[in-house]
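First to last, the protein sequences are chains V and B. For what it's worth, the numbering used here labels the leading residue of the first sequence as 31, then goes sequentially. For what it's worth, the numbering used here labels the leading residue of the second sequence as 31, then goes sequentially.
Protein chains: 2
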Amino acid sequence: MAASRDLLLNSALQVVTHDGFGAMTLDAVAKAAGVSKGGLIHYFPSKDALVSGMLDFYGEQLEREIEQRIAVDPLPTGRRVRAMLHIAFPWLEAGEAAQPAEQSDVIRMFLAMITAAGVNRELLAPLRSRARKMIARMFNDDADAEWQLMTWLAIDGMMLWQFLGLLPPADPLQERLIRRLHAMTKMPPVCGEEA
Amino acid sequence: MAASRDLLLNSALQVVTHDGFGAMTLDAVAKAAGVSKGGLIHYFPSKDALVSGMLDFYGEQLEREIEQRIAVDPLPTGRRVRAMLHIAFPWLEAGEAAQPAEQSDVIRMFLAMITAAGVNRELLAPLRSRARKMIARMFNDDADAEWQLMTWLAIDGMMLWQFLGLLPPADPLQERLIRRLHAMTKMPPVCGEEA
DNA sequence: TGCGGCCGACCGACTGGTCGGTATGATTGA
DNA sequence: TCAATCATACCGACCAGTCGGTCGGCCGCA
């Protein structure tokens, strides 16, 4: 059943979130899902398979969400990266300041990738073509795709800092940076001030 | 002896580089250093101690190198981030295009941090004050420190992509992005074109 | 009665860490 | 002066526990 598979994938990510990717063992995932180890192995015959599953699942989920947001964004410039930003920081479009920080799909994908790098680097291979396609689409859509790509890099950098705990979650500095990134997606290549 | 300690730290990083941080076991590090496990434990009484050692060692090394470069950079604006960029991509200041990619101190620090996150997240705590200081210094030096910080985030994002293999190492796109980042450090907040 | 989904005890390899020991060289003391 | 003593650097067999993965079997349903 697909529901059981999804439950297991979510449990795996939950373990990574709470205890770090070093603690993501098959036993831990099975226990978090309320399933026996055999049950887990039934759906994912190896740890590699489980991590690949995470990569596919959250990768596709993120891509789907991005496409949805692109479809309703009236401003063509920087739509793709802006979608990413809105998914990562939902409070941005609500117009509010607070970030109650329910885990976004961007962080989920980030965690899945880092976990994969720890388990078996070869699992990351499928990501490469995915990234290449994403970049190609950006060069199709945007006049200054390089600029958008740089904004994307900054978002990923922010994910990294958040993951490492280098940036306090409720820091006003972070909020200012994010708003600025948002402005950057709208007005390349001259930018830097509020929109 | 400090020399043996340094050798062990370098060996640990070598293991991480070649086989991934999931393969960094005490036995592997000892073997890479040509030392027995007991010898390794003599200098680093636990795995946590070893990883903390890496964090300190490469963190200080990177900071020292940054300060050196800042001291000889005539342009005050964005010196700190520009130093980072030059360390990460040494071919930038040579004026050449190729990147023979000898491992930079920036990547070394990146690998140490990711490894620490996998072994024991608490080991990252000392990094927080270090990062806070770095940010404070940037707000002291730069009129638009936020902009510099954003460039820094983008550099870290690029480290991440490189680590995950998402960006082909010899891609001309990467080179263009890096040159643009370099330009960004010099002319905030209006920027985006070549220097 | 047969069968597929799931269970969980079990396995061998490996992990971080311990410990008794050795080699070397400096320090002491009669 | 030269043993006896101590400190340091290092060794590697060993231990208890954990890991990913296997497998024989149970159970509900057809």
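Every residue gets a Cβ at the ideal spot worked out from N, C-alpha and C, and that includes glycine. In this text, all values refer to a predicted model and were calculated from it rather than measured experimentally.
Considering only C-alpha positions, which residue in the set the options is nearest to residue i?
{"i": "B:Ile185", "options": "B:Leu37, B:Pro104, B:Ala60 and B:Ser134", "result": "B:Ser134"}
{"i": "B:Met168", "options": "B:Met214, B:Gln204, B:Gly108 and B:Leu141", "result": "B:Gly108"}
{"i": "B:Val149", "options": "V:Ala53, V:Tyr73, V:Ala33 and V:Ser41", "result": "V:Ala53"}
{"i": "V:Ile96", "options": "V:Thr55, V:Asp78 and V:Ala118", "result": "V:Ala118"}
{"i": "B:Asp14", "options": "B:Met180, B:Met188, B:Leu92 and B:Pro106", "result": "Because chain B spans 31 through 225 in this model, residue 14 of chain B falls outside it and cannot be assessed."}
{"i": "V:Leu179", "options": "B:Gly68, B:Leu70 and B:Leu207", "result": "B:Leu207"}
{"i": "B:Lys216", "options": "B:Leu154, B:Gly187 and B:Asp103", "result": "B:Asp103"}
{"i": "B:Glu152", "options": "B:Ser66, B:Ser82, B:Leu37 and B:Phe51", "result": "B:Ser82"}
{"i": "V:Ala166", "options": "B:Pro156, B:Glu123, B:Val65 and B:Leu203", "result": "B:Leu203"}
{"i": "B:Ala200", "options": "B:Trp121, B:Gly50, B:Pro156 and B:Ala175", "result": "B:Trp121"}
{"i": "V:Glu93", "options": "V:Tyr73, V:Gly187 and V:Ala161", "result": "V:Ala161"}
{"i": "B:Met164", "options": "B:Gly195, B:Arg110 and B:Ala173", "result": "B:Arg110"}
{"i": "V:Lys61", "options": "V:Gly187, V:Val45 and V:Arg35", "result": "V:Val45"}
{"i": "B:Pro156", "options": "B:Glu90, B:Leu37 and B:Phe51", "result": "B:Glu90"}
{"i": "B:Glu132", "options": "B:His212, B:Thr47 and B:Thr55", "result": "B:Thr47"}
{"i": "V:Gly50", "options": "B:Asp36, B:Leu154 and B:Ile100", "result": "B:Leu154"}
Could you tell me whether any non-hydrogen atom of the ligand GDP is closer than 6 Å to the CB of residue i?
{"i": "V:Tyr73", "result": "You won't find the ligand GDP in this model; it holds no ligand whatsoever."}
Looking at chain B, is there any beta carbon in it that lies within less than 7 Å of the beta carbon of residue i?
{"i": "V:Asp201", "result": "no"}
{"i": "V:Arg151", "result": "yes"}
{"i": "V:Phe74", "result": "no"}
{"i": "V:Met217", "result": "no"}
{"i": "V:Gly148", "result": "yes"}
{"i": "V:Met84", "result": "no"}
{"i": "V:Pro213", "result": "First, the amino acid is wrong: residue 213 of chain V is Ala here, not Pro. It does not: the Cβ of V:Ala213 has no partner Cβ on chain B nearer than 7 Å."}
Please go through the same chain and pick out, in chain order, the residues whose beta-carbon is closer than 6 Å to the beta-carbon of residue i, but skip the five residues on each side of it.
{"i": "B:Ala33", "result": "none"}
Residues in the same chain with beta-carbon distance under 8 Å from residue i, minus the five sequence neighbours each way, listed in chain order, please.
{"i": "V:Met84", "result": "Leu39, Ala42, Leu43, Ala142, Thr145 and Ala146"}
{"i": "V:Met114", "result": "Ile96, Val136, Trp182 and Ile185"}
{"i": "B:Leu70", "result": "Leu38, Leu56, Val59, Ala60, Ala63 and Leu80"}
{"i": "V:His72", "result": "none"}
If you count every other CB in all the chains shown that lies within 10 Å of the CB of residue i, and 16 or more means buried, which is it?
{"i": "V:Asp57", "result": "exposed"}
{"i": "V:Glu210", "result": "Looking at the sequence shown, residue 210 of chain V is not Glu but Arg. Buried is the call here."}
{"i": "V:Ser159", "result": "exposed"}
{"i": "V:Gly68", "result": "exposed"}
{"i": "V:Gly64", "result": "exposed"}
{"i": "B:His212", "result": "buried"}
{"i": "V:Ala175", "result": "buried"}
{"i": "B:Asp36", "result": "exposed"}
Looking only at its chain, what residues have a beta carbon closer than 7 Å to the beta carbon of residue i, apart from the 5 residues adjacent to it on each side?
{"i": "V:Lys191", "result": "Sequence inspection shows Trp at residue 191 of chain V; the Lys mentioned does not correspond to that position. Result list for V:Trp191: Leu197, in chain order."}
{"i": "V:Phe140", "result": "Met189 and Phe193"}
{"i": "B:Tyr88", "result": "Asp135, Arg138, Met139 and Ala142"}
Check whether chain V comes within 7 Å of residue i, counting only Cβ atoms and requiring the distance to be less than that.
{"i": "B:Asp186", "result": "yes"}
{"i": "B:Gly195", "result": "yes"}
{"i": "B:Ala62", "result": "no"}
{"i": "B:Phe51", "result": "yes"}
{"i": "B:Ile56", "result": "Correcting the residue type first, residue 56 of chain B is Leu in the shown sequence and not Ile. Not one chain V Cβ lies under 7 Å of B:Leu56."}
{"i": "B:Ala113", "result": "no"}
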